[in-house]
Amino acid sequence: MFGFPAYYVHGKLFACLYGEGVGLKVPGEIANSLLTERHVVPFQPLGRPPMREWVQINRPQAEDYRQDAALFRASAEFVGTVVGTAGKKR
1 MFGFPAYYVH GKLFACLYGE GVGLKVPGEI ANSLLTERHV VPFQPLGRPP
51 MREWVQINRP QAEDYRQDAA LFRASAEFVG TVVGTAGKKR
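Positions 1 to 90 (the working numbering) are the ones given, in order, by the sequence shown.
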C-alpha cells in the first residue's frame, strides 16, 4: 500500500509500513486509547486526513515493535471479522 510493504487477512489490509512507522487498523475505541501514547499518531498517509480506525505506531528501533505483537494479532483478528466487501486477493 502506498508503495510500502502491506499485510492482509482474507484480502483486507490490516497493517502496512509507512514512513517511520507501522499503520495499523484497530477498533475505534482502541485507536482512541492508543492515541494518548507518545509513540502513536493518527495514520495519515500521503498527507491525507486521518483514516478512521487507523493509527501509526512509531518505534525508535525495529525490535521495539515486538512489544506490540499482541496489538498486531488483535488487528488481524479485527480486520478478519469486519463485515463488508472483501478487498483484492493478496
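Cβ atoms here follow ideal geometry from the backbone N, Cα and C, with glycine treated the same way.
Small disclaimer: the values here were computed from a predicted structure and weren't measured.
Closest by C-alpha distance to residue i, when choosing among the options
i     : options                    : result
Pro60 : Leu34, Pro27, His39, Leu24 : His39
Val55 : Glu29, Tyr8, His10         : Glu29
Ser75 : Phe14, Tyr7, Tyr18, Arg66  : Phe14
Tyr18 : Leu71, Gln67, Val79, Asn58 : Asn58
Asp64 : Tyr7, Gly21, Phe78, Gly11  : Gly21
Glu37 : Val82, Asp68, Val79, Pro5  : Asp68
Pro27 : Val82, Glu53, Thr81        : Glu53
Burial state of residue i, where buried means 16 or more other Cβ atoms lie within 10 Å
i     : result
Gly3  : exposed
Arg73 : exposed
Lys89 : No answer about Lys89 holds up, because its pLDDT of 49 lies below 50 and its placement is not dependable.
Ala31 : buried
Gln23 : Per the sequence presented here, residue 23 reads as Gly, with Gln not at that position. With 16 or more Cβ atoms within 10 Å of its Cβ, Gly23 is classed as buried.
Span of the beta strand (DSSP E) around residue i
i     : result
Ala62 : Here Ala62 belongs to no beta strand (DSSP E), and DSSP marks it neither H nor E.
Residues sharing a beta bridge with residue i, DSSP
i     : result
Gly21 : Tyr18
Ala6  : Cys16
Val55 : Leu24, Pro42
Host alpha helix (DSSP H) of residue i (start-end)
i     : result
Val40 : First-last for Val40: 40-42, but that is the beta strand (DSSP E), not the alpha helix (DSSP H).
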